[in-house]
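Protein chains: 2
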Amino acid sequence: MSDYQQRHPSSLNNLSDDALPPVEQHARQYETVRNAHETELIEDYVELIGDLIRHRGEARAADIANRMAVSQATVSKMIRRLNDQGLVTNKPYRSLFLTEEGEKMAKVSRARHDVVLHFLRALGVADSTARIDAEGMEHHVSDETLSIMQRFTEQQRR
Amino acid sequence: MSDYQQRHPSSLNNLSDDALPPVEQHARQYETVRNAHETELIEDYVELIGDLIRHRGEARAADIANRMAVSQATVSKMIRRLNDQGLVTNKPYRSLFLTEEGEKMAKVSRARHDVVLHFLRALGVADSTARIDAEGMEHHVSDETLSIMQRFTEQQRR
DNA sequence: CAAACAGTTTAGCCTTGGCTAACAATTATC
DNA sequence: GATAATTGTTAGCCAAGGCTAAACTGTTTG
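Line order of the protein sequences matches chains W and V.
Just so you know, we're using our numbering here: the first sequence kicks off at 1272 and counts up by one.
Just so you know, we're using our numbering here: the second sequence kicks off at 1272 and counts up by one.
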């Protein structure tokens, strides 16, 4: 292993010259991102299904496909996976329901999404941009950062 | 298509009851995230290779594997892809170099990473958390948000 | 300088998350 | 109530990004 630790003389105000983090820490960063990616899509589906039920009264595969800009076949396959994981129940050709656990995930996911979205708006980001960024960011924000974002947002609206 | 547009009576302070966005906008959000995912890994590799060269003098596959917590085989396969895309040059069994284009990507990627990282710190997030979150967030932050983050950070340090 | 070790590559496997095309069921319409 | 339109499912394809095991190259060292 040639990647030994090296002391790097750090100036105090180095905006673009941080040292490399220690190998283990660096590795943990990437692992965290990879893990997030695994659950991300699942959470997005569950969150969307929850939203559709709340706002439309039901969640149908066609709506999900439209909103995700994905084929119905893809949605169908995904629903089976959600079912396998005990997150939704569905009878063939009927609309979907969230299980207890699915509800819980939807709720958590939605809360996180909202915190990020409102934070971005409070920061001064335009609504349409904020929505896009929030969708991507929500799965990569730790609880610590999340609560800081929330506090910031509340202070902002005084 | 059953997913018609619906007016939703919005209270002014609804932190957890936003209406669904219009279908096309919603679809665009998810598409943006999917697109980001495609380039994300590539950028991470290129960025890391650039960092290794800057801080270590060279980038070797084994170091990348260690820092990414991934097998050497995976790195090897990835390097071929980077090569195919004209981002790195490499001779078998030798260390890597970035092409002109690779350099450019590394630079942009690194700048973005730094803005997000410093922003999180300025917000009050602990360093180790900030590093993890930045790694995940950097690919999902629009230019608009990025420049707002930068401005915020600068104001903070006065 | 030969052997051992460290680093790299290749082969082959797996899962995920897309797709299209063909078929099946439900719902709407005449 | 028969037919058309919409919706849902299945089969089979593909690329990406992981992995392990085995083979190969380069370097170090006895």
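Where a beta carbon is used, it is the ideal one built from N, C-alpha and C, also for glycine.
Computed from a predicted structure; not experimentally measured.
query                                                                                                                                                                                    : result
Considering just the uninterrupted stretch of the alpha helix (DSSP H) at L1312 of chain W, what are its terminal residues?                                                              : 1294-1327
Using three-state DSSP, classify T1424 of chain W as helix, strand or coil.                                                                                                              : helix
Quick one: does D1436 of chain V have its CB under 7 Å from some CB of chain W?                                                                                                          : Residue numbering for chain V in the displayed model covers 1272 to 1429; residue 1436 of chain V lies beyond these limits and cannot be assessed.
With a 10 Å radius around its C-beta and 16 neighbouring C-beta atoms as the bar for buried, classify D1398 of chain W as buried or exposed.                                             : exposed
Note down, in chain order, all residues in the segment 1362-1394 of chain W with a beta-carbon under 8 Å from any beta-carbon belonging to chain V.                                      : R1381, A1382, D1385, L1388, H1389, L1391, L1394
To which residues of the same chain is R1383 of chain W closer than 6 Å at the C-beta, ignoring the five residues directly before and after it?                                          : E1409
Using a beta-carbon distance below 7 Å, is Y1457 of chain W in contact with chain V?                                                                                                     : In the structure as shown, chain W starts at 1272 and stops at 1429, and residue 1457 of chain W therefore has no counterpart that could be examined.
Mind checking whether V1346 of chain V and A1330 of chain V have CB atoms under 7 Å apart?                                                                                               : no
Thinking A1307 of chain W and H1411 of chain W are a contact (beta carbons under 8 Å), I'd like their distance in whole angstroms, please.                                               : 6 Å
Would you check if there are 3 or more beta carbon pairs closer than 8 Å linking the segment 1411-1428 of chain W to the segment 1369-1386 of chain V?                                   : no
Spell out a yes or no on whether the segment 1348-1357 of chain V and the segment 1313-1326 of chain W are touching, meaning 3 or more CB-CB pairs, one atom from each, closer than 8 Å. : no
Is the shortest distance between the beta-carbon of S1418 of chain W and the beta-carbons of chain V less than 7 Å?                                                                      : no
Skipping 5 residues on each side, what residues in its chain have a beta carbon closer than 6 Å to that of L1367 of chain W?                                                             : I1320, A1330, V1359, N1361
For chain W, find out if any of its Cβ atoms is closer than 7 Å to the Cβ of I1313 of chain V; answer yes or no.                                                                         : no
With DSSP as the reference, label A1393 of chain W as helix, strand or coil.                                                                                                             : helix
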